[in-house]
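In our numbering, the protein residues as written are 58 to 110.
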C-alpha cells in the first residue's frame, strides 16, 4: 500500500513539474528518486528484520 501511494504522489509531482517548467521538473525528479529509494530501503529493512528476528 505504501508503494502504491508513493507512486500516486510521484505521478502527481511529475504532472506538476511538467506544468511548472524545466528547472523545477529536474529538482522534482531528483526528490522523487530519493523518496522512492528511501521507501525501497525501508521495505528491505523490514523484510530483513523479519528474517533475522
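By construction, the Cβ of each residue, glycine as well, lies at the ideal position given by its N, Cα and C atoms. Predicted model only: the values in this text are computed from it and were never measured.
(request) State the Cα-Cα distance for the pair residue 104 and residue 96, rounded to the nearest angstrom. (result) By 1-based counting over the chain shown, the position of residue 104 is 47. By 1-based counting over the chain shown, the position of residue 96 is 39. Taking the straight line joining both Cα atoms gives about 12 Å.
(request) Below 8 Å on the Cβ atoms is my guess for residue 67 versus residue 93; work out the distance and round it to an integer in Å. (result) Here residue 67 is taken as the residue at index 10 of the chain shown, counted from 1. Here residue 93 is taken as the residue at index 36 of the chain shown, counted from 1. Separation of the CB atoms of residue 67 and residue 93 is rounded to 7 Å, and the pair is thereby assigned contact status at 8 Å.
(request) Output the distance between the C-alpha atoms of residue 84 and residue 102, rounded to the nearest integer angstrom. (result) Residue numbering aside, residue 84 sits at position 27 when the chain shown is read from its first letter. Residue numbering aside, residue 102 sits at position 45 when the chain shown is read from its first letter. Using only the alpha carbons, I get a separation of about 27 Å.
(request) Please report how far the alpha carbon of residue 90 lies from the alpha carbon of residue 108, in whole angstroms. (result) For the purposes of this step, residue 90 is identified with residue 33 of the chain shown, where counting begins at 1. For the purposes of this step, residue 108 is identified with residue 51 of the chain shown, where counting begins at 1. In this structure, the CA atom of residue 90 is about 27 Å from the CA atom of residue 108.
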